[in-house]
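Under our numbering, the first residue of the sequence shown is numbered 1233, with each subsequent residue one higher. The block underneath contains the structure these notes are about, expressed in structure tokens.
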Amino acid sequence: MDSILIIGAGAAGSVVAKKCAMDRDTFKKIHLASRTLEKCRKVQQDCKSEITISQIDADDTAQVIKLIEEQNPDIVVNMALPYQDISIMDACLATKTHYLDTANYEPKDEAKFSYKWQWAYQDRFREKGIMAVLGCGFDPGVISIYCAYAQQKLFDDILTIDIVDCNDGNHGKAFATNFNPEINIREVTQRGKYWKDGKWIEVDPLSVSCMVDYPEVGARKSFLLYHEEEESLVQNIRGLKQIRFWMTFSDNYIKHLEVLQNVGMTRIDPVIHNGVEIIPLQFLKTLLPEPSSLAENYTGKTSIGAILRGVKDGKKVSYIIYNVCDHAECSQEINSQAVSYTTGVPAMVGAKMVLKGLWSGKGVFNVEELPPVPFLEEVAKRGLPWTVKELKESDQKDLFSVVS
Ligand code: NDP
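Here is the structure:
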């Protein structure tokens, strides 16, 4: 078991390829395929050791099957877009090949972040004796694994989880998204949602905010969003009463987003423009900077963590488990910005866990269902160290008092 096929040569996929190429003991054969061959070629040139490349349209399952048959990988890592999840999973089933991704499937015409379509593959993956690892980026991904670690080592019962995600960096552009613009804007403009006492509670987009104190960054205004890992953590963390997700956005980002929304540029339904059907959000994506182009001169840090409250040995306890990642250091190491780095490194490490047999099983798994410790040890060695800190009663006051 030593061969990997990576699909998607964008911001995060290029990180997976470059990091795999720095670990040839594990990844003896690396193949990168994407829609635009030129992008694969650029990544190939930047890799520290040799990888092979090809062009593919991953929406077409037959093409993915053919490529898997040619390359014969032990695992396919899907770093394309959520729209391709199902066609790539189908190809993995047809060829009995393990599968891993970082974002859950979404139909193109509906921004509905849900695992239901991929969880429906459980029996088929089990019957074929292969595993699908879902959501192995940072959030979902490392954050979900922090929660699994907390459940195993720090708590008898976890009662509340607040996932707190801050990008305190500056890329110097008027408006740009740190990962695929289409997926980012679909995520941010959907209705907010959190889970409490067994029910999902919806709020208007970006209507709830509070101050969160981020390690190594400080207090930053953060907005309540719905994020896909909440759906699986609700199933997999015992005793949970509440889970929420918070993300920072600069005033500048919100100003631009508001205007784009008001003029209809974030619409995902087709409109006729000069007799041609276009999707406004897809056109906007074409105009915006590619997330993979932001690394140069990006300064500042990301600070992303899980704040957990619960009970251990009859006593109330609270922790934050977090990682801080510096944009400039990622750029210096592999010419990437921290948001793609924190997505790609976990995907590479997840693939390594499967190839080494440290994560094994038959069926479809969210990452928090798999052993957290070997993953966390390896992800720290590969550039994403993690810190566990106990919180005092007086910490994170604003966060704990809002909408709970
Ligand atoms: P990019 O837009 O930079 O990269 C996506 C790549 O996929 C592009 O190279 C694109 O090709 C390629 N692609 C798109 N459609 C196809 C297709 N049909 N066949 C083959 N290749 C295709 O996005 P990111 O790298 O920022 O994001 C990649 C994924 O990572 C997304 O699913 C995103 O949601 C996820 N993500 C997860 C995070 C986490 O923490 N879990 C955080 C950030 C991102 P082309 O260049 O030709 O358009």
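The beta carbon of each residue, even a glycine, is placed where N, CA and C say it ideally should be.
*Alpha-carbon spacing of Val1605 relative to Leu1332, whole angstroms*: 19 angstroms
*Assuming Ser1454 and Thr1480 make a contact with CB atoms under 8 angstroms, what is their CB distance in whole Å?*
Going by Cβ atoms, the distance from Ser1454 to Thr1480 rounds to 5 angstroms, so yes, they are a contact pair.
*asked:* Just to check my reading of the structure: Asn1494 and Gly1404 have Cβ atoms closer than 8 angstroms, yes? What is that Cβ distance to the nearest angstrom?
replied: Actually they do not touch by this definition, with Cβ atoms about 25 angstroms apart.
*asked:* So for Gln1628, helix, strand or coil by DSSP?
replied: coil
*Excluding the five sequence neighbours on either side, which residues of its own chain have a C-beta within less than 6 angstroms of the C-beta of Cys1272, listed in chain order?*
So the list reads Ala1241, Leu1264, Ser1266, Ile1285, once near-sequence residues are dropped.
*So the beta strand (DSSP E) Gly1450 belongs to, where does it begin and stop?*
1450-1457
_Beta-carbon proximity of Cys1379 to Ala1612, cut-off 8 angstroms_ = no
*asked:* Please tell me whether, using a cut-off of 7 angstroms, the distance from the CB of Gln1467 to the nearest non-hydrogen atom of the ligand NDP is below it.
replied: no
*Answer yes if the region 1551-1562 comes into contact with the region 1615-1630, meaning at least three C-beta pairs across the two stretches below 8 angstroms, and no otherwise.*
Short answer: they touch.
*Ala1290 versus Val1634 - alpha carbon distance*: 43 angstroms
*In chain order, what residues of the same chain lie with their CB nearer than 6 angstroms to the CB of Leu1237, ignoring the 5 residues before and after it?*
His1263, Gln1303, Pro1305, Val1308
*Could you pull the start and end residues of the alpha helix (DSSP H) that His1403 belongs to?*
Premise fails: His1403 is in no alpha helix (DSSP H) and is neither H nor E.
_Bridge partners - Met1443, DSSP secondary structure assignment_ = Lys1453
*asked:* Within 8 angstroms, do at least three Cβ pairs link the region 1498-1514 to the region 1406-1420?
replied: yes
_Extent of the continuous beta strand (DSSP E) run through Arg1418_ = Unbroken run through Arg1418 is the alpha helix (DSSP H), 1413-1421; no beta strand (DSSP E).
_For the ligand NDP, is there any heavy atom lying closer than 7 angstroms to the beta carbon of Lys1425?_
no
*Taking the continuous alpha helix (DSSP H) assigned at Cys1272, which residues delimit it?*
1269-1278
*Could you spell out where the alpha helix (DSSP H) holding Trp1351 opens and where it closes?*
1348-1351
*Which residues does DSSP pair with Asn1598 in a beta bridge?*
Leu1366
_I'd like to know if the region 1360-1370 and the region 1316-1334 are in contact, where contact means that at least 3 CB-CB pairs between them fall below 8 angstroms._
yes
*Based on Cα-Cα distance, which residue from Gly1542, Met1233, Gly1245 lies nearest to Pro1578?*
Gly1245
*Neighbourhood of Pro1521 by C-beta distance below 6 angstroms, restricted to the same chain and skipping five residues each side*: Lys1405, Ala1408
*Compare the Cα-Cα distances from Lys1251 to each of Glu1622, Phe1632, Val1586, Asn1567 and report the closest residue.*
Asn1567
*Whole angstroms is fine: what's the gap from Ile1469's alpha carbon to Glu1461's?*
12 angstroms
*Look up Thr1574 in the DSSP assignment and give the residues it is bridged to.*
In DSSP, Thr1574 forms no bridge with anything.
_Going by beta-carbon coordinates alone, are Ser1535 and Asp1400 separated by less than 8 angstroms?_
Result yes, Cβ atoms of Ser1535 and Asp1400 sit closer than 8 angstroms.
*Roughly how many angstroms separate the alpha carbons of Lys1592 and Gly1373, rounded to a whole number?*
The sequence as given places Ser at residue 1592; Lys does not occur at that position. Roughly 17 angstroms between the two C-alpha positions.
*Using three-state DSSP, classify Phe1345 as helix, strand or coil.*
Phe1345 falls in the coil class under three-state DSSP.
*What is the C-beta distance between Asp1627 and Asp1445, in whole angstroms, given that I count them as a contact (C-beta under 8 angstroms)?*
Confirmed, Cβ separation roughly 7 angstroms.
*Given a cut-off of 8 angstroms, decide if Ile1377 and Val1596 are closer than it, judged by their beta-carbon atoms.*
no
*Pick from Arg1423, Tyr1337, Phe1259, Trp1478 that is closest to Asp1394, judged by C-alpha positions*: Trp1478
*Looking only at C-alpha atoms, which of Glu1359, Phe1632, Gly1424, Lys1533 sits nearest to Tyr1551?*
Phe1632
*With 16 as the cutoff for other CB atoms within 10 Å, does Glu1338 come out buried or exposed?*
Note on Glu1338: 16 or more other CB atoms within 10 angstroms of its CB, so buried under the neighbour-count rule.
*Cβ separation of Gln1474 and Lys1544, assumed to be a contact under 8 angstroms, to the nearest whole Å*: Actually they do not touch by this definition, with Cβ atoms about 18 angstroms apart.
*Specify the secondary structure class of Asn1484 as computed by DSSP and reduced to three states.*
helix
*Would the C-beta of Val1571 count as close to the ligand NDP, meaning under 7 angstroms from any of its heavy atoms?*
yes
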